[in-house]
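Numbering (the numbering used here), first residue to last: 24 to 298.
Pasting the structure below:
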């Protein structure tokens, strides 16, 4: 079977939410925190080949991880203006040929979609196809075609550990990849884009933002749990009409009981032992 055959099969048969998330960091403590929190998600079975969404952790650099497989997307835990010259973003820029090579491409997308200031807690999938091809050709490096630009802050600052920004960024990233894949699938063979099957992501906010590693892991894991269980993704669990729309309005896709269940879960991340 040729690569094109595999590509066609992927687009036609895979659900948009069927992809693998690779969580990577050099800090063993953060990787252990991820492992601890992800192990609590009973719907994540790392050994189940039939599971649509998969997640795996890696205690290494993103550069080393990219040498080991075919990844289509890497996450930039960014600022609102696409100024990728600090923290992990600095190393991403260097990997893609330097600040002057990568940042103008990212900023052009932010300019087009967000009038040059992307909202914190959102995700923009940026196509860097030409730059990626150049890096692969001349540097012999695996440079993913897409960068998921996810601002954790407007400008560099310490993040509030009482904020749910990590949950929001993780959710935005997962759903942006899902939407990207849905568009590729709908366009079928006419699509100019590539499906995202493997995405690389470091810990949101734990660098410049100084977000506590255990809280980062808990928020990222909860977003992953909710993504897997989302009524639009989960085919193995039957969601009742009450969960979906409360039975009170025809045409309403999601009702208050479901919305409040999600809100309670997010708020539970901030409970103290005294509560």
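Don't be surprised by glycine CBs; every beta carbon is placed ideally from N, CA and C.
CA-CA distance, residue i and residue j?
i: residue 199; j: residue 161; result: 30 Å
i: residue 46; j: residue 81; result: 6 Å
i: residue 255; j: residue 249; result: 11 Å
i: residue 53; j: residue 44; result: 16 Å
i: residue 245; j: residue 211; result: 32 Å
i: residue 261; j: residue 107; result: Here the model assigns residue 261 a pLDDT of 42, short of 50, so the residue's position is not dependable, and the following value carries that caveat. Straight-line Cα distance between these residues: approximately 43 Å.
i: residue 102; j: residue 48; result: 19 Å
i: residue 288; j: residue 86; result: 34 Å
i: residue 157; j: residue 83; result: 25 Å
i: residue 159; j: residue 59; result: 36 Å
i: residue 242; j: residue 224; result: 14 Å
i: residue 197; j: residue 114; result: 23 Å
i: residue 123; j: residue 91; result: 27 Å
i: residue 208; j: residue 55; result: 35 Å
i: residue 275; j: residue 139; result: 34 Å
i: residue 132; j: residue 277; result: 31 Å
i: residue 201; j: residue 218; result: 10 Å
i: residue 78; j: residue 193; result: 13 Å
i: residue 65; j: residue 220; result: 22 Å
i: residue 291; j: residue 146; result: 24 Å
i: residue 235; j: residue 293; result: 13 Å
i: residue 214; j: residue 167; result: 18 Å
i: residue 228; j: residue 36; result: 35 Å
i: residue 29; j: residue 61; result: The pLDDT assigned to residue 29 is 42, lower than 50, so where the model puts this residue is not dependable; a value taken from the coordinates is nonetheless given after this. The straight-line gap from Cα to Cα measures roughly 30 Å.
i: residue 127; j: residue 137; result: 15 Å
i: residue 286; j: residue 163; result: 46 Å
i: residue 233; j: residue 50; result: 13 Å
i: residue 237; j: residue 253; result: 24 Å
i: residue 16; j: residue 93; result: No information on residue 16 is available, as it lies outside the stretch 24 to 298 that the chain covers here.
Pick helix, strand or coil for residue i, following the three-state DSSP scheme.
i: residue 199; result: helix
i: residue 106; result: coil
i: residue 164; result: coil
i: residue 51; result: helix
i: residue 46; result: strand
i: residue 64; result: coil
i: residue 297; result: Low confidence applies here, because residue 297 scores a pLDDT of 43, under 50, leaving its location unreliable; read the following figure in that light. Residue 297 falls in the coil class under three-state DSSP.
i: residue 119; result: coil
i: residue 241; result: helix
i: residue 77; result: strand
i: residue 11; result: The chain is shown only over 24 to 298; residue 11 falls outside these bounds and no answer can be derived.
i: residue 211; result: helix
i: residue 37; result: coil
i: residue 148; result: strand
i: residue 221; result: strand
i: residue 291; result: helix
i: residue 32; result: Confidence is the limiting factor: at residue 32 the pLDDT is only 46, short of 50, which leaves the residue's position unreliable, though a coordinate-based value still follows. Of the three classes helix, strand and coil, the one that applies to residue 32 here is helix, per DSSP.
i: residue 170; result: strand
Give a yes or no on whether the C-beta atoms belonging to residue i and residue j are separated by under 8 Å.
i: residue 231; j: residue 109; result: yes
i: residue 111; j: residue 119; result: no
i: residue 170; j: residue 129; result: yes
i: residue 195; j: residue 57; result: no
i: residue 188; j: residue 178; result: no
i: residue 75; j: residue 38; result: yes
i: residue 222; j: residue 42; result: yes
i: residue 203; j: residue 247; result: no
i: residue 40; j: residue 105; result: no
Would you please state the rounded distance, in angstroms, between the beta carbons of residue i and residue j? I believe it to be under 8 Å.
i: residue 135; j: residue 216; result: About 16 Å; that fails the 8 Å criterion.
i: residue 165; j: residue 89; result: 5 Å
Is residue i near the ligand HEM, going by C-beta to nearest heavy atom under 7 Å?
i: residue 134; result: What this structure holds is no ligand at all, so the ligand HEM is not there to describe.
- Message: Three or more C-beta pairs under 8 Å: does that hold for the region 92-101 against the region 273-286?
- Response: no
- Message: Does the contact criterion of 3 or more C-beta pairs under 8 Å hold for the region 153-160 versus the region 172-188?
- Response: no
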